[in-house]
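**Student:** From first to last, the protein sequence lines are chains A and B. Numbering-wise (the numbering used here), the first sequence opens with residue 3 and increments by one. Numbering-wise (the numbering used here), the second sequence opens with residue 3 and increments by one. Here you go, one structure.
There are 2 protein chains.
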Amino acid sequence: MVKHFSVIKRDSSTKGRLGRLVTSHGVVETPCFMPVGTQGTVKAMLPRDLRELGCQILLGNTYHLYLRPGHELIRRLGGLHRFMSWDGPILTDSGGYQVFSLGAMRKITEDGARFQSHLDGSAHLLTPEKAVEIQEALGSDIAMILDECIAHDAARDYVQSSTARTIRWAKRCLDARSQADQLMFGIIQGGLFDDLRRWCVDEMAPMAFDGFAVGGLGVGEGEEQLNAVGSFTAQLLPEDKPRYLMGVGRPQDIVNAVGAGFDMFDCVIPTRNARNGTLFTWQGKINIKRAEFANDARPLDPSCGCYCCQNFSRAYLRHLYLAGEILSSQLNSLHNLYFYHRLMDKCREAIRTGRSELWPQWLEADANP
Amino acid sequence: MVKHFSVIKRDSSTKGRLGRLVTSHGVVETPCFMPVGTQGTVKAMLPRDLRELGCQILLGNTYHLYLRPGHELIRRLGGLHRFMSWDGPILTDSGGYQVFSLGAMRKITEDGARFQSHLDGSAHLLTPEKAVEIQEALGSDIAMILDECIAHDAARDYVQSSTARTIRWAKRCLDARSQADQLMFGIIQGGLFDDLRRWCVDEMAPMAFDGFAVGGLGVGEGEEQLNAVGSFTAQLLPEDKPRYLMGVGRPQDIVNAVGAGFDMFDCVIPTRNARNGTLFTWQGKINIKRAEFANDARPLDPSCGCYCCQNFSRAYLRHLYLAGEILSSQLNSLHNLYFYHRLMDKCREAIRTGRSELWPQWLEADANP
Numbered sequence: 003m004v005k006h007f008s009v010i011k012r013d014s015s016t017k018g019r020l021g022r023l024v025t026s027h028g029v030v031e032t033p034c035f036m037p038v039g040t041q042g043t044v045k046a047m048l049p050r051d052l053r054e055l056g057c058q059i060l061l062g063n064t065y066h067l068y069l070r071p072g073h074e075l076i077r078r079l080g081g082l083h084r085f086m087s088w089d090g091p092i093l094t095d096s097g098g099y100q101v102f103s104l105g106a107m108r109k110i111t112e113d114g115a116r117f118q119s120h121l122d123g124s125a126h127l128l129t130p131e132k133a134v135e136i137q138e139a140l141g142s143d144i145a146m147i148l149d150e151c152i153a154h155d156a157a158r159d160y161v162q163s164s165t166a167r168t169i170r171w172a173k174r175c176l177d178a179r180s181q182a183d184q185l186m187f188g189i190i191q192g193g194l195f196d197d198l199r200r201w202c203v204d205e206m207a208p209m210a211f212d213g214f215a216v217g218g219l220g221v222g223e224g225e226e227q228l229n230a231v232g233s234f235t236a237q238l239l240p241e242d243k244p245r246y247l248m249g250v251g252r253p254q255d256i257v258n259a260v261g262a263g264f265d266m267f268d269c270v271i272p273t274r275n276a277r278n279g280t281l282f283t284w285q286g287k288i289n290i291k292r293a294e295f296a297n298d299a300r301p302l303d304p305s306c307g308c309y310c311c312q313n314f315s316r317a318y319l320r321h322l323y324l325a326g327e328i329l330s331s332q333l334n335s336l337h338n339l340y341f342y343h344r345l346m347d348k349c350r351e352a353i354r355t356g357r358s359e360l361w362p363q364w365l366e367a368d369a370n371p
Numbered sequence: 003m004v005k006h007f008s009v010i011k012r013d014s015s016t017k018g019r020l021g022r023l024v025t026s027h028g029v030v031e032t033p034c035f036m037p038v039g040t041q042g043t044v045k046a047m048l049p050r051d052l053r054e055l056g057c058q059i060l061l062g063n064t065y066h067l068y069l070r071p072g073h074e075l076i077r078r079l080g081g082l083h084r085f086m087s088w089d090g091p092i093l094t095d096s097g098g099y100q101v102f103s104l105g106a107m108r109k110i111t112e113d114g115a116r117f118q119s120h121l122d123g124s125a126h127l128l129t130p131e132k133a134v135e136i137q138e139a140l141g142s143d144i145a146m147i148l149d150e151c152i153a154h155d156a157a158r159d160y161v162q163s164s165t166a167r168t169i170r171w172a173k174r175c176l177d178a179r180s181q182a183d184q185l186m187f188g189i190i191q192g193g194l195f196d197d198l199r200r201w202c203v204d205e206m207a208p209m210a211f212d213g214f215a216v217g218g219l220g221v222g223e224g225e226e227q228l229n230a231v232g233s234f235t236a237q238l239l240p241e242d243k244p245r246y247l248m249g250v251g252r253p254q255d256i257v258n259a260v261g262a263g264f265d266m267f268d269c270v271i272p273t274r275n276a277r278n279g280t281l282f283t284w285q286g287k288i289n290i291k292r293a294e295f296a297n298d299a300r301p302l303d304p305s306c307g308c309y310c311c312q313n314f315s316r317a318y319l320r321h322l323y324l325a326g327e328i329l330s331s332q333l334n335s336l337h338n339l340y341f342y343h344r345l346m347d348k349c350r351e352a353i354r355t356g357r358s359e360l361w362p363q364w365l366e367a368d369a370n371p
């Protein structure tokens, strides 16, 4: 079996590691951040602008693409890479997270998840086999198993039975695989219960997965639990396979998780916040709507090298936001994604050099301009 | 007085001319198209992408920028070029067209136009002097006089008295100028009456304008009247100054007007149509929403060299449109503006070579895919 992942270096002061993940569409240096391309596009970003800011790998959403335009259509058109004109690696989720977010519009059985489309109310059944079939049609480099993302406040009994089902579904996903060049990651559930997390890892680690994700975190459990359960679970996972903390998160969450030994991240925060006018700087977050920026000729972050900061003032960005201009979403997304990619650069640099003072410092508090 | 405009070549088979317009921010080859940057941005376009597609000069809207974020703010921040990070030439309109579009919310007197802001209902008075002051604060390369854009079905008496006022306002605008490096264009009104158009030219041509626009066309009078009045008026205008047909228009209108001797054009059609999913190809217009494109792996226009056509299929563009993705507006705007700029390239090439077969052929009819 080809070795898809190698740890290049381990950090001396944390559990962080520098890695190299080989996919059909190229190599990814880890720790890495994956911008979210929900409907076949990272919102408001041209693929060439993603490349320019250093994006290595994207995440695609199986649920959305399955419903619209449909995975068979995308297959006929040459797969998701060709469809969205992104020739780098793509990881697809299994659709589980979106389906389980539908609440009353879905029902879980051993077979899979029955749900109604949020677009037209049509009925669908997402089974582990179907999740694999869709992801193979999309042609992503990395497929995820179908799992249930459990609410953070679920009772222990439910967490246990749901996790048991996710383990059974994991096996079914592996059995359903037909594409040798598509990696597949297992997903560890178990809620906030260390013993259930350990049990899930014990069951899944021996399976023939190419990597493991930790799911069910960053869903409202709070920073303390996120860090505690995340770092506990990371250390249970195989050393020689990539570890992906799903859906997390804020810059400091990511830095903490890199220090705990996670290698891969995705989150809508940089792009969603961008469209809402919340922008990341190395001095903290900025809400560009605020009146204090009306006259502010400075760039968002004077230390930032992105196209937005190199060319536009806070006053202009505020104006675009208030005027409801599309360019607001474009420039803000470009900046926030640039920020997240530099955050990952800094994490990798800190591990590479072993200089702990290089770990990115970032304050959640609003920037004091 | 510095000569800002020179005619390089006259077409042998039409009245078209190849020209060169020198502004404070660079030279513009004419005939040229000016994308409209209503609120300090050409909607959905990064300035660097405008440059890439060959954009030479932008149009800025005085009315919108005066109301939000305010011309004094833009002046303090270094002017409109700096504000929107466009270092090429900018022409600003006078705000008149938008004010007169407000209908019941405005009242015209000899002094100027009283109007209520469409944003907050606040009361404002736009005089010829104020229009010049605002445009000087914005720091555009070319300012337009305040005029009244007359409805195409206005009675002759009204057209005559309104045009007389526009002529008086033209004089006041010239008197109000304080910036030597800002060119100023007069605007010819006169409705659909040839004698009133001639009279307006006779009155305004001797004034110290750097160019002349023809206004009040492309406002519902129909293609025949547009061509007839436009071409009649163009021929009355001084040979040695640029001629700008305001707000026109569709590709074939522009080609006709170039042949009639016009040098400059602006229109929201390429960008507005783009956002509505109507796309220009050399085979005609395409409505990307149509079901027939769902499976269409071809680019919008196989002969087009734009980033959109080089990278994406009609099926993908349809998907983005139906999914309401911002990238839809971005890619569609990029393509339509690329098309308009190639249209102008072709017009210039036809005049330059004197080969009438090079004049762009374009069908208004929908493309037959």
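Note that CB positions come from ideal geometry on N, CA and C, so glycine has one too.
(1) Quick one: what's residue 34 of chain B bridged to in DSSP?
(2) Can you check whether the C-beta of residue 340 of chain B is within less than 7 angstroms of a C-beta belonging to chain A?
(3) Just grab the DSSP bridge partners of residue 11 of chain B for me.
(4) Chain A beta carbons: is any one of them nearer than 7 angstroms to that of residue 94 of chain B?
(5) Please give the ranges of any beta strand (DSSP E) in the region 48-74 of chain A, keeping only runs that are unbroken, at least 3 residues long and fully inside the region.
(6) Against chain A, with Cβ distances strictly below 7 angstroms, would residue 271 of chain B count as a contact?
(7) Does chain A have any CB closer than 7 angstroms to the CB of residue 21 of chain B?
(8) What residue does the alpha helix (DSSP H) around residue 128 of chain B start on, and which one ends it?
(9) Please classify residue 293 of chain A as buried or exposed, where buried requires at least 16 neighbouring CB atoms within 10 angstroms.
(10) How long is the line joining the alpha carbons of residue 211 of chain B and residue 185 of chain B, rounded to whole angstroms?
(11) Excluding the 5 residues flanking residue 171 of chain B on each side, which residues of the same chain have their C-beta closer than 7 angstroms to its C-beta?
(12) For residue 318 of chain A, return the contacting residues in chain B, with the cut-off set at a CB-CB distance below 8 angstroms.
(13) Of all the CB atoms in chain B, is at least one closer than 7 angstroms to the CB of residue 126 of chain A?
(14) When the cut-off is 7 angstroms and only beta carbons count, does residue 325 of chain B lie next to chain A?
(15) Is it buried or exposed, residue 255 of chain B, if we count other Cβ atoms within 10 angstroms and call 16 or more buried?
(16) Please confirm whether residue 10 of chain A and residue 36 of chain A have their CB atoms less than 7 angstroms apart.
(17) Can you find a CB in chain B that lies within less than 7 angstroms of the CB of residue 61 of chain A?
(18) For residue 329 of chain B, decide whether its Cβ has a neighbour in chain A, counting only Cβ atoms nearer than 7 angstroms.
(19) Relative to the C-alpha of residue 238 of chain A, which candidate in A:339, A:220, A:190 has its C-alpha closest?
(20) Look at residue 221 of chain A and residue 235 of chain A and say whether their C-beta atoms are less than 7 angstroms apart.
(21) Contact check, residue 55 of chain A vs residue 339 of chain A under 8 angstroms by CB: the rounded distance?
(22) Between residue 199 of chain A and the rest of its own chain, which residues show a CB-CB distance below 6 angstroms, the 5 nearest in sequence each way excluded?
(23) Return the residues of the region 296-318 of chain B that lie within a Cβ-Cβ distance of less than 8 angstroms from chain A, sorted by chain order.
(24) Pick helix, strand or coil for residue 98 of chain A, following the three-state DSSP scheme.
(25) Do you know how far the Cα of residue 111 of chain A is from the Cα of residue 125 of chain A?
(26) Can at least three beta-carbon pairs, one atom from the region 314-328 of chain B and one from the region 24-44 of chain A, be found at a separation below 8 angstroms?
(27) Taking the Cβ atom as the reference point for each residue, do residue 295 of chain A and residue 274 of chain A lie within a distance shorter than 7 angstroms?
(28) Alpha carbon to alpha carbon, how far is residue 165 of chain B from residue 232 of chain B? Give it in angstroms, no decimals.
(29) In chain order, what residues of the same chain have a beta carbon less than 6 angstroms from the beta carbon of residue 178 of chain B, not counting five sequence neighbours either side?
(30) Comparing alpha-carbon positions, which option in B:282, B:350, B:298 lies nearest residue 336 of chain B?
(31) Tell me which residues share the same chain as residue 52 of chain B and place their Cβ nearer than 8 angstroms to its Cβ, disregarding the 5 neighbours each side in the sequence.
(32) In chain order, what are the residue ranges of uninterrupted alpha helix (DSSP H) at least 4 long that sit wholly in the region 209-277 of chain A?
(33) Using the beta-carbon of each residue, which ones in chain B are nearer than 8 angstroms to residue 46 of chain A?
(34) Would you mind telling me which residues of chain A sit closer than 9 angstroms to residue 2 of chain B, beta carbon to beta carbon, in chain order?
(35) Ignore the nearest five residues each way along the sequence and tell me which others in residue 354 of chain A's own chain have a CB closer than 7 angstroms to its CB.
(36) Could you tell me the distance, in whole angstroms, from the CA atom of residue 371 of chain B to the CA atom of residue 269 of chain A?
**Tutor:** In short, the structure shows the following:
(1) Beta-bridge partners of residue 34 of chain B (DSSP): B:266.
(2) Output row for residue 340 of chain B: interface = no.
(3) Bridge partners of residue 11 of chain B: B:20.
(4) No - not a single Cβ of chain A is within 7 angstroms of the one on residue 94 of chain B.
(5) The region 48-74 of chain A contains, as complete beta strand (DSSP E) runs of 3+ residues, the segments 60-62 (chain order).
(6) It does not; no Cβ of chain A falls within 7 angstroms.
(7) Proximity of residue 21 of chain B to chain A, defined by a Cβ-Cβ separation below 7 angstroms, is not satisfied.
(8) For residue 128 of chain B, there is no enclosing alpha helix (DSSP H); the enclosing beta strand (DSSP E) covers residues 125-128.
(9) Classified as exposed, residue 293 of chain A has fewer than 16 neighbouring CB atoms from the shown chains inside 10 Å of its CB.
(10) Each residue's Cα considered, the two are about 8 angstroms apart.
(11) Close CB contacts of residue 171 of chain B within its chain, under the 7 angstroms cut and outside five residues either way in sequence, are with 130, 147, 148, 149 (chain order).
(12) Those are 42, 79, 85, 86, 87, listed as they occur along chain B.
(13) So, not an interface residue.
(14) It does; some Cβ of chain A falls within 7 angstroms.
(15) Taking all protein chains in view, the Cβ of residue 255 of chain B is crowded by 16 or more other Cβ atoms within 10 Å, so the residue is classified as buried.
(16) Residue 10 of chain A places its beta carbon 7 angstroms or farther from that of residue 36 of chain A.
(17) It does not; no Cβ of chain B falls within 7 angstroms.
(18) It does; some Cβ of chain A falls within 7 angstroms.
(19) Ranking A:339, A:220, A:190 by Cα distance to residue 238 of chain A puts A:190 first.
(20) Against a cut-off of 7 angstroms, the Cβ pair of residue 235 of chain A and residue 221 of chain A comes out as no contact.
(21) Indeed they touch by this definition, with Cβ atoms about 6 angstroms apart.
(22) Closer than 6 angstroms at the Cβ level, and outside the excluded window around residue 199 of chain A, lie 192, 235.
(23) Result list: 296, 297, 299, 309, 313, 314, 315, 317, 318.
(24) Reduced to three states, the DSSP call for residue 98 of chain A is helix.
(25) Near 15 angstroms, if we compare the C-alpha coordinates of residue 111 of chain A and residue 125 of chain A.
(26) Taking one beta carbon from each stretch, the region 314-328 of chain B and the region 24-44 of chain A have 3 or more pairs nearer than 8 angstroms; the two touch.
(27) No Cβ-Cβ contact shorter than 7 angstroms links residue 295 of chain A with residue 274 of chain A.
(28) Each residue's alpha carbon lies about 16 angstroms from the other.
(29) Cβ within range, chain order: 131, 134.
(30) In this structure, B:282 is the residue among B:282, B:350, B:298 with its C-alpha nearest to the C-alpha of residue 336 of chain B.
(31) Closer than 8 angstroms at Cβ, skipping near neighbours: 37, 44, 60, 88, 339.
(32) Correct list: 225-238, 253-261, 271-277.
(33) The answer, in chain order, is 328, 329, 332.
(34) The first residue shown for chain B is 3 and the last is 371, placing residue 2 of chain B beyond what the model contains.
(35) Shown here for residue 354 of chain A: same chain residues with a beta carbon closer than 7 angstroms to its own, the five before and five after excluded, namely 11, 20 in chain order.
(36) In this prediction, residue 371 of chain B has a pLDDT of 46, which is less than 50 and means its spatial position is unreliable; what the coordinates show is noted afterwards. Between residue 371 of chain B and residue 269 of chain A, the C-alpha separation is close to 40 angstroms.
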